[in-house]
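Q:
2 protein chains.
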Amino acid sequence: MSSSTEFPTDETPAPTVPRGRRPGKADTRAEILAAADVAFAEDGYAEASLRGIAHRAGVDPALVHHYFDGKAALFVEVMGLPRDFREIRDEVDRAPGSRGSALVDRFLRYWDEEPREGRASSFHSFVQAVCSSDQAADSFKQFLVDRVWSQVARDPDDPEWLVRRSLIGSQLVGLGFQRYVLRLEPLVSAEPAEVARWVGPTIDRYMEGPLDTAPTTPDGSRRAGRPRRRVRRR
Amino acid sequence: MSSSTEFPTDETPAPTVPRGRRPGKADTRAEILAAADVAFAEDGYAEASLRGIAHRAGVDPALVHHYFDGKAALFVEVMGLPRDFREIRDEVDRAPGSRGSALVDRFLRYWDEEPREGRASSFHSFVQAVCSSDQAADSFKQFLVDRVWSQVARDPDDPEWLVRRSLIGSQLVGLGFQRYVLRLEPLVSAEPAEVARWVGPTIDRYMEGPLDTAPTTPDGSRRAGRPRRRVRRR
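Protein chains in written order, with my numbering: chain C, 35 to 268; chain F, 35 to 268.
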C-alpha cells in the first residue's frame with residue numbers, strides 16, 4: 035500500500051535546515067495518519083499497534099510518538115473530529131431559532147459528510163471502535179472531557195451541567211445510531227434540518243429547561259456503594 | 035466446553051412417543067441457545083456458523099434449523115429480548131404518571147439486569163453485534179418491525195408514527211449507549227427512576243406531543259433519489 039501518491043513525502047526536495055521542536059513536516063504527520071487510518075480499519079483498534087503503523091508509514095516509531103500522544107490520541111485524530119468546539123458553540127448560540135435545533139442540524143451535517151478518501155471517519159466506525167475496545171472508549175471520553183465539554187460549558191463543574199451534557203449526548207448519539215448504524219427510516223432519509231425541528235425542543239430542554247431532579251425514593255436512598263449525585267434545581 | 039451440567043439433555047430418560055411438529059424438547063433448544071451464545075461471544079456474529087453451533091451443542095445441524103429460523107433469529111433469541119411487547123405497552127399505559135417516564139424506567143431496568151450466566155445478553159454485546167455485522171443489524175431491524183412496532187402501535191402504518199417510533203428509539207438507544215457502552219457519569223450511577231424523570235418528557239413529546247413536521251425547504255424539495263416522506267400535522 036502506498037499513500038505517497040496522495041501525500042508526497044518531504045524527502046524528495048533538498049532537506050531544509052532543522053528548525054527545532056516543530057520541524058514542520060506536515061507530510062510525515064499526514065503519512066502517519068493515513069497509515070493509522072488503514073491500520074485501524076483493517077486490524078481494528080485493539081489490534082493496531084503504533085509500531086505497525088510506523089512500519090506502514092515507513093517512518094521510525096519514535097516519529098509516531100513525536101507527533102501523537104499515544105494510540106488513543108492517534109485514534110481520535112484519525113476520526114477527524116473537530117478540534118475547536120468553541121466555534122461550534124458560538125455558531126449554535128448565534129443561530130436565529132432554537133439552539134437545540136441548530137446543534138442537531140450541525141451534528142448530522144458533520145456526520146453526513148462522505149468519509150474522506152481512505153479514512154474511516156464515519157459515525158459507524160466511531161461506534162465500532164468505541165464498542166470493541168475499552169481503550170478506544172476511554173480515549174473518546176477523554177476527548178469529550180478535554181476538548182468538548184471544557185470548551186462549551188459556562189461552568190464545567192456545575193453538577194447540573196453534568197446531567198445536562200449527558201442527556202444532550204444521549205440524544206445525539208442515539209440519532210447517529212439510528213441514522214448511520216441501524217439505518218432506520220425515516221431517520222436515514224430525513225434532511226438534517228427536518229430532524230433538527232423534531233429533536234430541537236428536546237435539546238433545548240436538556241440545555242436550559244426544567245429537569246425533574248427530585249431524589250429517587252421518598253427517603254432519598256440510592257443504590258449502595260455508588261456516589262450520591264444531587265443536582266441543583268433550577 | 036460442556037453445558038450439559040446446566041441443561042440436562044433429554045436423551046437420558048426413555049424417549050416419549052413423538053408428538054408431531056412440537057416435540058417439546060425444550061432441553062435441546064436450550065442446548066442450542068447456550069452453544070450459540072458462546073459462539074457469538076467467542077467468534078463474533080459474522081464468524082459464527084449454524085453448523086459450528088450445532089457441533090458445539092452436539093446436535094444435528096437440521097435440529098438448529100428446526101428450532102430457529104436462521105442465524106439472525108438465533109441471534110435475537112440469544113440476546114434474550116422480550117417476545118411480547120404488548121405486555122410492556124400495557125404496563126406503560128397503566129403507569130400512574132408519565133408514560134414516557136415509565137418506558138425509560140422499564141428500558142433501563144431491563145438492561146440493568148446482570149447478564150445471565152454465560153450469556154452475552156448485555157446492551158454492550160447487542161451494540162457490538164449490530165455494529166460489526168450488517169446481517170445482525172438487519173435481523174435486529176426485522177425484530178423491531180415484526181415483534182416490537184407491530185405490537186405496540188395503534189396504527190403501525192401511520193406515517194407520523196414512523197417518525198415518532200424512530201425518535202423514541204433514538205433517545206432510548208442513546209441512553210443505553212451512554213450508560214452501558216461509554217459508561218459516562220452521571221448516567222451510569224443514576225437510578226432508572228431518576229433518568230426516567232429527566233427523559234420522560236422527551237418520550238412523552240415523541241409519543242404524542244407536537245412535532246414540527248413542516249417540509250424541509252420552502253418549496254418542499256428533498257434530497258434527490260430518496261423517497262419523499264410527508265408526515266401528517268397533528
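All C-beta atoms, glycine included, are put in the ideal place defined by N, C-alpha and C.
Taking Cβ-Cβ distances shorter than 9 angstroms, what residues in chain F pair up with Ser-167 (chain C)?
A: What you label residue 167 (chain C) is simply residue 133 of the first sequence in a count that begins at 1. Per Cβ cutoff of 9 angstroms: no residues; Ser-167 (chain C) is ~10 angstroms from chain F at best.
Q: Is Val-93 (chain C) near the ligand SAH, judged by its Cβ being under 6 angstroms from some heavy atom?
A: Annotation note on the ligand SAH: not contained in the displayed structure, which lists no ligands.
Q: Would Ser-126 (chain C) count as contacting chain F if we go by Cβ distances under 7 angstroms?
A: Taking the first residue of the first sequence as 1, we reach residue 126 (chain C) at position 92. It should be noted that the sequence gives Val, not Ser, for residue 126 (chain C). Closer than 7 angstroms: no.
Q: Please go through the segment 171 to 251 of chain C and give each complete alpha helix (DSSP H) segment of 4 or more residues, from N-terminal end onward.
A: The qualifying runs are 193 to 210 and 226 to 242.
Q: For chain C, is any of its Cβ atoms less than 7 angstroms away from the one on Pro-116 (chain F)?
A: Numbered from its first residue, the second sequence carries residue 116 (chain F) at position 82. Not closer than 7 angstroms to any Cβ of chain C, the Cβ of Pro-116 (chain F) fails to qualify, so no.
Q: Would you say Val-161 (chain F) faces chain C, with C-beta separation under 7 angstroms as the test?
A: In the second sequence, residue 161 (chain F) corresponds to position 127, counting from 1. Yes, its Cβ sits closer than 7 angstroms to a Cβ of chain C.
Q: Going by beta carbon distance, what residues of the same chain come within less than 7 angstroms of Asp-253 (chain F), once the five residues before and after it are set aside?
A: The residue you call residue 253 (chain F) lines up with position 219 of the second sequence. The predicted model places Asp-253 (chain F) with a pLDDT of 44, which falls under 50 and marks its position as unreliable; any figure quoted below should be read in that light. So no residue of the chain qualifies.
Q: Between Leu-245 (chain C) and Trp-232 (chain F), which are expected to be in contact by the criterion C-beta below 8 angstroms, what is the C-beta distance as a whole number of angstroms?
A: Translated into positions along the first sequence, residue 245 (chain C) becomes position 211. Translated into positions along the second sequence, residue 232 (chain F) becomes position 198. With a Cβ gap of about 5 angstroms, Leu-245 (chain C) and Trp-232 (chain F) count as contacting.
Q: If you run the structure through DSSP and keep just helix, strand and coil, what is Gly-86 (chain C)?
A: If you number the first sequence from 1, residue 86 (chain C) lands on position 52. Helix.
Q: Using the C-alpha atoms, what's the distance from Trp-195 (chain C) back to Phe-109 (chain C)?
A: The residue you call residue 109 (chain C) lines up with position 75 of the first sequence. The residue you call residue 195 (chain C) lines up with position 161 of the first sequence. When rounded, the distance between both Cα atoms is 27 angstroms.
Q: When the cut-off is 7 angstroms and only beta carbons count, does Phe-141 (chain F) lie next to chain C?
A: The count along the second sequence starts at 1 and reaches residue 141 (chain F) at position 107. Output row for Phe-141 (chain F): interface = no.
Q: Quick one: grab the DSSP three-state call for Glu-147 (chain F).
A: For the purposes of this step, residue 147 (chain F) is taken as residue 113 along the second sequence, with counting starting at 1. Glu-147 (chain F) falls in the coil class under three-state DSSP.
Q: Could you compute how far the alpha carbon of Val-186 (chain C) sits from the alpha carbon of Val-164 (chain F)?
A: Residue numbering aside, residue 186 (chain C) sits at position 152 when the first sequence is read from its first letter. Residue numbering aside, residue 164 (chain F) sits at position 130 when the second sequence is read from its first letter. The alpha-carbon atoms of Val-186 (chain C) and Val-164 (chain F) are separated by roughly 32 angstroms.
Q: Could you confirm whether any beta carbon from chain C is found closer than 7 angstroms to the beta carbon of Thr-301 (chain F)?
A: Nothing in the structure corresponds to residue 301 (chain F), since chain F is present only between 35 and 268.
Q: Identify the contact partners of Trp-232 (chain F) in chain C, using a Cβ-Cβ distance below 7 angstroms as the criterion.
A: On the second sequence, residue 232 (chain F) is found 198 positions in, with the first residue counted as 1. Going along chain C in sequence order, the residues near Trp-232 (chain F) (Cβ under 7 angstroms) are Val-197, Leu-201, Leu-245 and Asp-246.
Q: Between C:Arg-239, C:Tyr-240, C:Met-241 and C:Leu-221, which lies nearest to Leu-142 (chain C) when the distance is taken from Cα to Cα?
A: Locating residue 142 (chain C) in the first sequence gives position 108, counting from the first residue. Closest by alpha carbon: C:Leu-221.
Q: If you check the beta carbons only, do Ala-91 (chain C) and Ala-69 (chain C) fall under 7 angstroms apart?
A: Counting from 1 along the first sequence, the entry for residue 91 (chain C) is found at position 57. Counting from 1 along the first sequence, the entry for residue 69 (chain C) is found at position 35. In this structure, Ala-69 (chain C) lies closer than 7 angstroms to Ala-91 (chain C) by Cβ.
Q: Using a Cβ cut-off of 7 angstroms (strictly closer), state whether Val-186 (chain F) contacts chain C.
A: By 1-based counting over the second sequence, the position of residue 186 (chain F) is 152. Chain C, which has no Cβ nearer than 7 angstroms to the Cβ of Val-186 (chain F), makes this no.
Q: Which runs of the alpha helix (DSSP H) fall wholly inside the segment 80 to 135 of chain F and span at least 4 residues, in chain order?
A: With a minimum length of 4 residues, the continuous alpha helix (DSSP H) runs that stay inside the segment 80 to 135 of chain F are 84 to 91, 95 to 101, 104 to 112 and 119 to 128.
Q: By how many angstroms is the C-alpha of Glu-219 (chain C) removed from the C-alpha of Ser-200 (chain F)?
A: Numbered from its first residue, the second sequence carries residue 200 (chain F) at position 166. Numbered from its first residue, the first sequence carries residue 219 (chain C) at position 185. When rounded, the distance between both Cα atoms is 7 angstroms.
Q: Per DSSP, what kind of secondary structure is Ser-167 (chain F) in: helix, strand or coil?
A: Taking the first residue of the second sequence as position 1, residue 167 (chain F) is located at position 133. Residue state, collapsed to three classes: coil.
Q: For Ala-227 (chain C), which option in C:Leu-137, C:Ala-73 and C:His-89 has the closest C-alpha, if you only look at C-alpha atoms?
A: Residue numbering aside, residue 227 (chain C) sits at position 193 when the first sequence is read from its first letter. Measuring from the Cα of Ala-227 (chain C), the nearest candidate turns out to be C:Leu-137.
Q: State the DSSP-derived secondary structure class of Ser-156 (chain C), mapped to helix, strand or coil.
A: Taking the first sequence and counting its residues from 1, the one referred to as residue 156 (chain C) is at position 122. Residue state, collapsed to three classes: coil.
Q: Using beta-carbon positions only, say whether Val-112 (chain C) and Phe-74 (chain C) come within less than 7 angstroms of one another.
A: In the first sequence, counting from the first residue as 1, residue 112 (chain C) sits at position 78. In the first sequence, counting from the first residue as 1, residue 74 (chain C) sits at position 40. Contact: yes.
Q: Are there 16 or more other CB atoms within 10 angstroms of the CB of Gly-131 (chain F), so buried, or fewer, so exposed?
A: Translated into the one-based positions of the second sequence, residue 131 (chain F) becomes position 97. That one is exposed.
Q: Using a Cβ-Cβ distance under 7 angstroms, would Gly-208 (chain F) count as near chain C?
A: Here residue 208 (chain F) refers to the residue found at position 174 when the second sequence is read from its first residue. At least one chain C Cβ lies under 7 angstroms of Gly-208 (chain F).
Q: Judging by CA-CA distance, which residue of C:Asp-71, C:Asp-192, C:Arg-63 and C:Tyr-79 is the nearest neighbour of Ser-166 (chain C)?
A: Stepping through the first sequence from its first residue, residue 166 (chain C) is reached at position 132. The candidate whose alpha carbon is nearest that of Ser-166 (chain C) is C:Tyr-79.
Q: Hey, how far is the Cα of Ala-170 (chain C) from the Cα of Ala-106 (chain C)?
A: Working through the first sequence from its first residue, we reach residue 170 (chain C) at position 136. Working through the first sequence from its first residue, we reach residue 106 (chain C) at position 72. Distance between the alpha carbons of Ala-170 (chain C) and Ala-106 (chain C) is about 6 angstroms.
Q: Excluding the 5 residues preceding and the 5 following Phe-119 (chain F) in the sequence, name in chain order all residues of the same chain whose CB lies nearer than 8 angstroms to its CB.
A: Your numbering for residue 119 (chain F) matches position 85 in the second sequence. So the list reads Arg-181, Val-182, Gln-185 and Val-186, once near-sequence residues are dropped.
Q: Give the straight-line distance between the Cα atoms of Tyr-144 (chain F) and Gly-210 (chain F), rounded to the nearest whole angstrom.
A: Sequence index remark: in the second sequence, residue 144 (chain F) carries index 110 (1-based). Sequence index remark: in the second sequence, residue 210 (chain F) carries index 176 (1-based). When rounded, the distance between both Cα atoms is 11 angstroms.
Q: Does the beta carbon of Phe-102 (chain F) sit closer than 7 angstroms to a beta carbon anywhere in chain C?
A: Counting from one through the second sequence, the residue named residue 102 (chain F) turns up at place 68. So no, Phe-102 (chain F) is outside the interface.
Q: Indicate whether Gly-332 (chain F) and Gly-134 (chain F) have their beta-carbon atoms separated by less than 7 angstroms.
A: This structure leaves residue 332 (chain F) out entirely; chain F is present only between 35 and 268.
Q: Would you kindly check if the distance between the Cβ of Val-98 (chain F) and the Cβ of Ala-82 (chain F) is under 7 angstroms?
A: Along the second sequence, one-based indexing puts residue 82 (chain F) at 48. Along the second sequence, one-based indexing puts residue 98 (chain F) at 64. Not closer than 7 angstroms, so no.
Q: For Arg-123 (chain F), which residues in the same chain have their Cβ closer than 8 angstroms to its Cβ, ignoring the five residues on either side in sequence?
A: Position 89 of the second sequence holds residue 123 (chain F). Here the set comprises Gln-185 and Val-186.
Q: Between Ser-132 (chain C) and chain F, is any beta-carbon pair separated by less than 7 angstroms?
A: As a first step, residue 132 (chain C) is located in the first sequence; it is residue number 98 there, counting from the start. Closer than 7 angstroms: no.
Q: Is the beta carbon of Gln-205 (chain F) closer than 7 angstroms to that of Gln-205 (chain C)?
A: On the first sequence, residue 205 (chain C) is found 171 positions in, with the first residue counted as 1. On the second sequence, residue 205 (chain F) is found 171 positions in, with the first residue counted as 1. It is a contact, given that the beta carbons lie within the stated cut-off.
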